[in-house]
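There are 2 protein chains.
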Amino acid sequence: MLDHTHLAARRSFVASANGHPDFPLQNLPLGSFCTAEDEMPRMGIAIGDRILDLEAAQEAGLISGEVAEAVEDASLLEGWNDFLAQGPAMRAALRRQVFDLLAEGSAHQAVLAPMLHAAADCTLHVPMRIGDYTDFYAGIVHATNVGALFRPDNPLLPNYKHVPIGYHGRASSVVASGHPLRRPKGQRKPASETEPSFGPSRNLDYELELGIWIGPGNALGESIPISEAAQHIAGYCLLNDWSARDIQGWEYQPLGPFLAKNFGTTVSPWIITPEALAPFRIAQPKRPEADPKPMDYLWDSADQAHGALGLELEVLLLTPGLREKGLAPHRLSRGQASGLYWTPAQLVTHHTCGGCNLQPGDLLGTGTISTAEGFGSLLEITRGGREPLTLASGETRRFLEDGDEVFLVARARKEGFAAIGFGECRGTVTPAV
Amino acid sequence: MLDHTHLAARRSFVASANGHPDFPLQNLPLGSFCTAEDEMPRMGIAIGDRILDLEAAQEAGLISGEVAEAVEDASLLEGWNDFLAQGPAMRAALRRQVFDLLAEGSAHQAVLAPMLHAAADCTLHVPMRIGDYTDFYAGIVHATNVGALFRPDNPLLPNYKHVPIGYHGRASSVVASGHPLRRPKGQRKPASETEPSFGPSRNLDYELELGIWIGPGNALGESIPISEAAQHIAGYCLLNDWSARDIQGWEYQPLGPFLAKNFGTTVSPWIITPEALAPFRIAQPKRPEADPKPMDYLWDSADQAHGALGLELEVLLLTPGLREKGLAPHRLSRGQASGLYWTPAQLVTHHTCGGCNLQPGDLLGTGTISTAEGFGSLLEITRGGREPLTLASGETRRFLEDGDEVFLVARARKEGFAAIGFGECRGTVTPAV
Numbered sequence: 010m011l012d013h014t015h016l017a018a019r020r021s022f023v024a025s026a027n028g029h030p031d032f033p034l035q036n037l038p039l040g041s042f043c044t045a046e047d048e049m050p051r052m053g054i055a056i057g058d059r060i061l062d063l064e065a066a067q068e069a070g071l072i073s074g075e076v077a078e079a080v081e082d083a084s085l086l087e088g089w090n091d092f093l094a095q096g097p098a099m100r101a102a103l104r105r106q107v108f109d110l111l112a113e114g115s116a117h118q119a120v121l122a123p124m125l126h127a128a129a130d131c132t133l134h135v136p137m138r139i140g141d142y143t144d145f146y147a148g149i150v151h152a153t154n155v156g157a158l159f160r161p162d163n164p165l166l167p168n169y170k171h172v173p174i175g176y177h178g179r180a181s182s183v184v185a186s187g188h189p190l191r192r193p194k195g196q197r198k199p200a201s202e203t204e205p206s207f208g209p210s211r212n213l214d215y216e217l218e219l220g221i222w223i224g225p226g227n228a229l230g231e232s233i234p235i236s237e238a239a240q241h242i243a244g245y246c247l248l249n250d251w252s253a254r255d256i257q258g259w260e261y262q263p264l265g266p267f268l269a270k271n272f273g274t275t276v277s278p279w280i281i282t283p284e285a286l287a288p289f290r291i292a293q294p295k296r297p298e299a300d301p302k303p304m305d306y307l308w309d310s311a312d313q314a315h316g317a318l319g320l321e322l323e324v325l326l327l328t329p330g331l332r333e334k335g336l337a338p339h340r341l342s343r344g345q346a347s348g349l350y351w352t353p354a355q356l357v358t359h360h361t362c363g364g365c366n367l368q369p370g371d372l373l374g375t376g377t378i379s380t381a382e383g384f385g386s387l388l389e390i391t392r393g394g395r396e397p398l399t400l401a402s403g404e405t406r407r408f409l410e411d412g413d414e415v416f417l418v419a420r421a422r423k424e425g426f427a428a429i430g431f432g433e434c435r436g437t438v439t440p441a442v
Numbered sequence: 010m011l012d013h014t015h016l017a018a019r020r021s022f023v024a025s026a027n028g029h030p031d032f033p034l035q036n037l038p039l040g041s042f043c044t045a046e047d048e049m050p051r052m053g054i055a056i057g058d059r060i061l062d063l064e065a066a067q068e069a070g071l072i073s074g075e076v077a078e079a080v081e082d083a084s085l086l087e088g089w090n091d092f093l094a095q096g097p098a099m100r101a102a103l104r105r106q107v108f109d110l111l112a113e114g115s116a117h118q119a120v121l122a123p124m125l126h127a128a129a130d131c132t133l134h135v136p137m138r139i140g141d142y143t144d145f146y147a148g149i150v151h152a153t154n155v156g157a158l159f160r161p162d163n164p165l166l167p168n169y170k171h172v173p174i175g176y177h178g179r180a181s182s183v184v185a186s187g188h189p190l191r192r193p194k195g196q197r198k199p200a201s202e203t204e205p206s207f208g209p210s211r212n213l214d215y216e217l218e219l220g221i222w223i224g225p226g227n228a229l230g231e232s233i234p235i236s237e238a239a240q241h242i243a244g245y246c247l248l249n250d251w252s253a254r255d256i257q258g259w260e261y262q263p264l265g266p267f268l269a270k271n272f273g274t275t276v277s278p279w280i281i282t283p284e285a286l287a288p289f290r291i292a293q294p295k296r297p298e299a300d301p302k303p304m305d306y307l308w309d310s311a312d313q314a315h316g317a318l319g320l321e322l323e324v325l326l327l328t329p330g331l332r333e334k335g336l337a338p339h340r341l342s343r344g345q346a347s348g349l350y351w352t353p354a355q356l357v358t359h360h361t362c363g364g365c366n367l368q369p370g371d372l373l374g375t376g377t378i379s380t381a382e383g384f385g386s387l388l389e390i391t392r393g394g395r396e397p398l399t400l401a402s403g404e405t406r407r408f409l410e411d412g413d414e415v416f417l418v419a420r421a422r423k424e425g426f427a428a429i430g431f432g433e434c435r436g437t438v439t440p441a442v
């Protein structure tokens with residue numbers, strides 16, 4: 010499975026890439042960027058603190074064969090949507106070519122130099138045009154914590170361990186890291202009030218999730234067998250499923266979350282490819298004996314053996330008070346991602362088992378993920394707001410206040426391999442208008 | 010509000026339009042079509058049993074001024090998405106020009122002749138590229154009927170009369186009338202069984218809804234005031250929200266319907282414009298005294314006075330047995346649409362009140378609508394399958410069987426105006442694979 014693009018010893022001629030916490034030569038994530046001089050979004054690849062303009066490299070003849078044709082065709086159409094529709098072999102071929110171009114000893118350093126833009130001067134976009142966005146609920150620790158707030162004795166509903174629970178989210182309001190997040194207004198009716206009222210959400214929260222980018226996908230009426238599901242995953246990102254808990258509590262029965270979730274969803278703008286993550290695959294944790302075995306359509310021994318992702322996740326909170334006093338962000342959670350009850354492949358297969366068509370650029374969220382040291386939302390950390398956090402600045406938090414900035418971080422490490430990261434996924438809450 | 014395009018006495022030189030049950034000169038709905046000779050989708054307008062190739066008419070210089078520019082620009086981009094992003098004034102201007110072109114006495118009959126394709130020879134597509142699809146639950150009769158199956162004493166949840174209930178649907182699987190509908194497979198667990206199982210849905214149903222096409226829409230973080238909401242409705246269609254009741258019953262808690270609804274949604278392919286429907290606007294039925302008054306953000310007296318639609322709806326079922334015996338389709342319901350608790354404008358405003366951005370081509374479903382003579386789904390008609398229908402063929406139906414074809418029909422009539430119709434919305438159930 011692994012080729013030369015994983016050799017930890019290989020270094021890039023882009024000096025900042027060597028030892029870069031996110032984007033060493035072994036990562037090469039895919040993104041859509043523009044510069045101050047040229048606001049037209051282009052396909053780019055991150056390397057250290059630079060972004061390679063892939064379209065310029067292709068135009069200069071530095072990409073060859075079928076890959077060059079695919080890049081050229083895609084650049085004229087919908088960018089990564091069209092390229093990633095080509096599937097894993099094409100994606101891996103691009104990776105190998107770009108690895109060799111950017112490695113130390115590359116014969117093309119001089120010609121590449123003007124195509125390597127300082128990332129700090131670029132704007133990053135949502136990397137694919139999202140057709141549909143689906144959010145799952147695969148984090149069993151989160152589902153148990155949230156269920157326990159309502160049903161202490163019986164937190165998980167009877168379907169949870171049989172069927173991957175998911176719902177359709179809003180694609181239009183998915184934004185790239187850095188986009189401000191305006192506090193939504195809406196109807197809410199706390200238990201302490203007899204009538205609902207309309208106004209800014211009082212219980213604004215984040216949710217730590219992973220996103221799964223789809224390509225190529227399936228035709229309507231067909232389904233993707235579990236053994237083929239991994240071929241339809243184009244890559245991964247971080248995903249903050251901002252949630253207005255008070256709006257959600259009032260509106261969500263009987264059809265699920267709606268305005269409580271559709272005012273904004275932040276993704277990290279780099280597509281971390283399955284090729285880059287290959288060394289970090291791990292076995293899906295064994296289910297407790299008492300749990301039902303997944304149904305046949307969701308069961309694949311290879312997927313169970315190495316279909317999960319070994320990732321360290323972290324959530325940081327920077328408040329106005331911390332910022333003012335020059336204090337470090339408050340760490341809300343950290344550690345190995347844990348408790349995803351279904352693998353990404355199982356989510357893909359379940360989504361299509363009734364014939365629903367997935368398309369290149371569709372985005373799936375895993376559901377909120379807890380880590381070894383902490384939960385993935387304030388709802389869980391403060392027990393529904395009843396146990397506020399106290400920060401080093403003296404501020405307290407039940408939920409997010411205006412001016413708060415939330416950072417999600419994901420890194421993969423393994424002895425003998427270069428560590429890689431997902432890059433920035435952050436958003437600042439701005440006041441309701 | 011009404012201009013010469015509503016004069017019932019005006020006739021078209023396209024003979025089939027005069028007295029046509031759906032598409033007289035006074036309708037002029039917007040669609041996307043292709044012919045056997047040219048498979049590239051084009052913007053078209055229905056007139057009788059013909060389709061005017063609007064792009065050809067524009068190229069021939071028959072459309073003038075700003076409208077011509079807008080048609081030309083749109084034809085190069087995403088068709089009706091881009092045209093309808095221009096808003097109501099542009100749409101109304103196009104209507105007036107096309108009305109005059111197609112009216113009796115038009116000076117352009119000869120040059121138009123080759124641009125008027127026989128509709129029977131054309132293929133119709135979903136008329137806009139759908140960004141996001143949202144389904145509401147505004148049919149209070151349906152919500153009460155369905156609620157009563159689970160909670161006989163208390164069918165409506167406490168939020169129902171305060172907040173327009175809705176959820177995000179799946180855009181990728183929205184298809185145009187005539188597309189076959191494959192029976193989905195999925196997990197289901199009837200009350201009579203102890204364990205869930207996987208297989209073809211046994212309780213496949215239709216739902217009679219209206220669809221609302223959006224254009225222009227709002228920016229993320231902003232909202233559309235109720236007084237401006239109508240300006241963002243580009244038109245209407247029929248919508249069949251096919252539903253697998255057994256899959257729904259097992260999967261839907263706590264996050265709402267997912268695979269039970271995302272295997273296919275059928276729309277009628279013509280966008281019926283607000284201009285065509287203007288004579289048929291009616292007052293929103295007064296709420297019972299005991300009901301809460303809508304909150305301020307949802308309340309507009311003009312919207313209450315003429316923001317609802319006066320439509321006759323009908324659902325027909327043609328089964329293999331009826332077809333074989335040459336019998337007429339079975340009428341499942343008929344009559345004036347009734348019981349939409351919220352107007353289309355209220356749905357639009359509610360959707361955006363938290364800052365969620367609507368975009369041109371977004372589609373909203375109203376929720377299932379009952380009529381004076383019948384309910385909008387088999388779930389209601391057969392009381393959850395407990396009281397099967399008997400058809401003239403001797404067949405019985407709890408839910409839909411393979412080979413069944415469902416037709417939705419909508420017509421608007423009013424003394425002194427030409428009646429108009431929405432055109433075909435049909436789909437045939439094909440077996441699971």
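Going line by line, the protein sequences match chains A and B.
The first sequence begins at 10 in the working numbering and counts up by one.
The second sequence begins at 10 in the working numbering and counts up by one.
Beta carbons: idealized from backbone N, C-alpha and C, even for Gly.
#1: Pull out every residue of the region 339-372 of chain B whose Cβ sits closer than 7 Å to any Cβ of chain A, in chain order.
#2: From this set, Pro-297(B), Phe-408(B), Asp-411(B), Cys-434(B), which residue's C-alpha is nearest Arg-420(B)'s C-alpha?
#3: Are the C-beta of Trp-222(A) and some C-beta of chain B separated by less than 8 Å?
#4: Which residues bound the alpha helix (DSSP H) around Ser-251(B)?
#5: Using a Cβ cut-off of 8 Å, pull out every chain B residue sitting near Gly-88(A), in sequence order please.
#6: Inspect the beta-carbon positions of Ala-147(B) and Pro-167(B) and report whether they are closer than 8 Å.
#7: Tell whether a beta-carbon distance below 8 Å holds between Trp-259(A) and Leu-372(A).
#8: Report the residue from Ala-55(A), Ser-182(A), Leu-165(A), Asp-250(A) whose alpha carbon sits nearest the alpha carbon of Gly-226(B).
#9: Could you tell me the distance, in whole angstroms, from the CA atom of Val-276(A) to the CA atom of Leu-307(A)?
#10: For the region 405-425 of chain B against the region 278-290 of chain B, are there 3 or more C-beta pairs whose distance is under 8 Å?
#11: In angstroms with no decimal places, state the Cα-to-Cα distance between Ile-149(B) and Pro-263(A).
#12: Between Trp-308(B) and chain A, is the shortest Cβ-Cβ distance under 8 Å, so that the two count as touching?
#13: Is the separation between the beta-carbon of Gly-230(A) and that of Ala-243(A) shorter than 8 Å?
#14: By alpha-carbon positions, which one of Asp-413(A), Ala-127(A), Thr-391(A) ends up nearest to Glu-46(A)?
#15: Assuming the contact rule is C-beta atoms closer than 8 Å, Leu-248(B) and Gly-220(B) should be a hit. Round their C-beta distance to whole Å, please.
#16: For the alpha helix (DSSP H) that contains Phe-92(B), what are its first and last residues?
#17: Drop a sphere of 10 angstroms on the beta-carbon of Gln-345(B), count the other beta-carbons inside from all chains shown, and report buried for 16 or more, exposed for fewer.
#18: So, does the CB of Glu-75(A) fall closer than 8 Å to a CB anywhere in chain B?
#19: Look at the alpha carbon of Phe-384(B) and the alpha carbon of Gly-376(B), and state the distance between them as a whole number of angstroms.
#20: Between Ser-379(B), Thr-437(B), Tyr-350(B), which lies nearest to Lys-170(B) when the distance is taken from Cα to Cα?
#21: Let me see if you follow: with CB-CB separation under 8 Å, is Ser-260(B) close to chain A or not?
#22: What residue range is occupied by the uninterrupted alpha helix (DSSP H) comprising Asp-109(A)?
#23: Nearest chain B C-beta to Ile-256(A) closer than 8 Å, yes or no?
#24: Taking a cut of 7 Å between CB atoms, which residues from the region 158-172 of chain B lie near chain A?
#25: Quick check: what's the CA-CA separation for Cys-246(B) versus Gly-374(B)?
#26: Give the single residue among Gln-35(A), Gln-293(A), Phe-267(A) whose Cα lies nearest to the Cα of His-177(A).
#27: For His-15(B) versus Pro-288(B), is the C-beta spacing smaller than 8 Å?
#28: What runs of the alpha helix (DSSP H), each 4 residues or longer, lie entirely inside the region 311-370 of chain B?
#29: Of the residues that make up the region 187-215 of chain A, which ones have a beta carbon closer than 7 Å to any beta carbon in chain B?
#30: Take Thr-132(A) as the anchor and find which of Ser-386(A), Ala-55(A), Val-76(A), Val-120(A) has the nearest alpha-carbon.
#31: In the DSSP assignment, find the unbroken alpha helix (DSSP H) run with Asp-82(A) in it and report its ends.
#32: Between the Cα of Ala-311(A) and those of Ile-235(A), Ala-200(A), Gly-403(A), spot the shortest distance and give me the residue it belongs to.
#33: Could you tell me how far apart the beta carbons of Ser-210(B) and Ala-253(B) are, in whole angstroms, since I believe they sit closer than 8 Å?
#34: Starting from Gly-393(B), find everything on chain A with Cβ-Cβ shorter than 8 Å and list it in chain order.
#35: Go through its chain and collect everything with a Cβ distance to Leu-320(A)'s Cβ below 6 Å, but skip five positions before and after it.
#36: For Gly-385(B), go through chain A and note every residue whose CB falls closer than 9 Å to its CB, in chain order.
The relevant details are as follows:
#1: Cys-362, Gly-363, Gly-364, Cys-365, Asn-366, Gln-368
#2: Cys-434(B)
#3: no
#4: In the sequence as displayed, the identity of residue 251(B) is Trp instead of Ser. Where Trp-251(B) is concerned, there is no enclosing alpha helix (DSSP H), given that its DSSP letter is neither H nor E.
#5: Under the 8 Å cutoff, chain B gives no residues; its nearest Cβ is about 16 Å from Gly-88(A).
#6: no
#7: no
#8: Ser-182(A)
#9: 27 Å
#10: yes
#11: 14 Å
#12: no
#13: no
#14: Residue Ala-127(A) holds the alpha-carbon nearest to the alpha-carbon of Glu-46(A) among Asp-413(A), Ala-127(A), Thr-391(A).
#15: 4 Å
#16: 89-93
#17: exposed
#18: no
#19: 12 Å
#20: Tyr-350(B)
#21: First, the amino acid is wrong: residue 260(B) is Glu here, not Ser. Residue contact with chain A for Glu-260(B): present (Cβ-Cβ distance below 8 Å to some residue of chain A).
#22: From DSSP, the alpha helix (DSSP H) with Asp-109(A) extends over 97-111.
#23: Look at Ile-256(A): its C-beta is under 8 Å from a C-beta on chain B.
#24: If the cut-off is 7 Å between Cβ atoms, the region 158-172 of chain B has Leu-166, Asn-168, His-171, Val-172 near chain A.
#25: 9 Å
#26: Phe-267(A)
#27: In this structure, Pro-288(B) lies closer than 8 Å to His-15(B) by Cβ.
#28: 329-333, 353-361
#29: Arg-191, Pro-193, Lys-194, Gly-195, Gln-196, Pro-205, Phe-207
#30: Ala-55(A)
#31: 74-85
#32: Ile-235(A)
#33: 4 Å
#34: Near Gly-393(B) there are no residues of chain A at all, since even the closest Cβ is about 16 Å away, more than 8 Å.
#35: Ala-346, Ala-419, Ala-421
#36: Neighbours of Gly-385(B) on chain A: none; closest Cβ ~16 Å, over 9 Å.
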